[in-house]
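One structure below.
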Amino acid sequence: MDTTTRPSTSLRPGIAPEWILDPGGPADGQCRAGDRRARSRRPLFRLLVTLLVVGTIGAGTAAAVVTAAVASRPDYPGGVAVAGDDEGSAAARGGGRPTAEDGFIADGDSVAVSDMSAPAVARLDPALREALQRAHDTAEEDGIDLRVGSGWRSKAYQSWLLREAVRTYGSAEEAARWVGTPETSQHVKGEAVDIAPYAAADWLHRHGAEFGLCRTYDNEPWHFELSPSAVEAGCPAMFRDPTEDPRMQG
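The numbering used here applies: residue -4 is where the sequence shown begins, and numbers increase by one.
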């Protein structure tokens, strides 16, 4: 998300069923108050959850459910030029698949948190990038390779994701549960990152508060944002999905 961290390409595999279907709170044990009953899911989401639980798909397959569904489509219709976007990006020029210059990371792939040759990493907020590196170094001591499945995205890339999400889910309302607009997406601002593989997302879910890295949405266990106050106070309560996030209402 934010396909949509207050955060880009498919569901993180291997996540325990209770985490997907009834996600817990962040590392300090907080969770969002109120109704936690499962909301209806499209068939594609149910299928992906099943694949995650049984371990059929590999750890790199993802960053957000919509991107998983559409990023590898052969009928990619071309980019949408968005004011203020990088004119050098393929998506901004139109007529082609989004590229690394748009922050695109192919489905099933991931990049190192230190890979400054990848715009998805290099264009992240420096404070977020630094926290990720510290988390990576600590996770490595536990045998965990914390990597980036999706990070910064161009406005054109985000616009394409949103358009495809509407096509995939059938309505703008359902798409909004997974993909932000170019104006509201924290990925476009460089303030959100999707973590791969499963083991790394799970590790960061449990230890992220130590580095000020927190999950934002119950329905996106891969999505993390920087919350410096979490180091002392613990991660804030999560939103059920991006539609509850005031920042996404613009």
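The beta-carbon is built from N, C-alpha and C at its ideal position, and this holds for glycine as well. Note that the structure is a prediction, hence the values are computed from the model and not measured.
Of the choices the options, whose alpha-carbon is the least far from that of residue i?
i	options	result
Thr211	Gly103, Glu125, Ser180 and Ser154	Ser180
Ala95	Pro231, Met243, Ala151 and Gln128	Ala151
Val116	Asp189, Leu156, Glu169 and Ala194	Asp189
Ser145	Glu125, Arg118 and Arg235	Arg118
Arg262	Ser109, Glu215 and Phe99	Beyond the ends of the chain as shown, which are -4 and 245, falls residue 262; an answer cannot be given.
Leu260	Trp147, Ser154, Arg148 and Leu127	One cannot answer for residue 260 here, as it falls past the ends of the chain, which runs -4 to 245.
Ala160	His131, Val108 and Ala170	Ala170
Tyr193	Arg242, Ile139 and Ala130	Ile139
Glu205	Ser105, Glu220, Phe219 and Val226	Val226
Val143	Arg162, Ser149, Gln153 and Gly103	Gly103
Determine the DSSP secondary structure at residue i, reduced to helix, strand or coil.
i	result
Asp189	strand
Gly165	coil
Ala218	It should be pointed out that residue 218 corresponds to His in this sequence rather than to Ala. His218: strand per DSSP, three-state reduction.
Phe206	helix
Val226	helix
Ala160	helix
Ala151	helix
Ala101	coil
Ala170	helix
Gly53	In this prediction, Gly53 has a pLDDT of 40, which is less than 50 and means its spatial position is unreliable; nothing more can be read from the coordinates.
Arg235	coil
Ala194	helix
So residue i is in the beta strand (DSSP E); what residue range does that whole segment cover?
i	result
Leu123	Element bounds for Leu123: not the beta strand (DSSP E) but the alpha helix (DSSP H), Pro121 to Glu136.
So residue i is in the alpha helix (DSSP H); what residue range does that whole segment cover?
i	result
Val116	Pro114 to Ala117
Val143	Element bounds for Val143: not the alpha helix (DSSP H) but the beta strand (DSSP E), Arg142 to Ser145.
Roughly how many whole angstroms lie between the Cα atoms of residue i and residue j?
i	j	result
Val174	Leu156	7 angstroms
Arg240	Thr133	For the sequence presented, residue 240 should be read as Asp rather than Arg. For Asp240 and Thr133, the distance between alpha carbons rounds to 30 angstroms.
Leu199	Glu186	16 angstroms
Ala232	Arg92	36 angstroms
His182	Asp137	28 angstroms
Phe234	Asp197	18 angstroms
Trp217	Ala167	22 angstroms
Pro114	Trp147	7 angstroms
Pro121	Pro223	13 angstroms
Gly203	Cys230	8 angstroms
Gln244	Pro177	12 angstroms
Ala228	Arg124	21 angstroms
Asp110	Gly165	36 angstroms
Ala191	Arg158	25 angstroms
His131	Asp213	23 angstroms
Asp250	Ser149	Outside the displayed range of the chain (-4 to 245) lies residue 250, so it cannot be described from this structure.
Arg162	Ala195	31 angstroms
Val108	Ser154	25 angstroms
Ala101	Leu208	24 angstroms
Is residue i near the ligand MG - that is, is its Cβ less than 7 angstroms away from at least one heavy atom of it?
i	result
Asp197	In terms of ligand content, the structure shown is empty, and the ligand MG therefore cannot be addressed.
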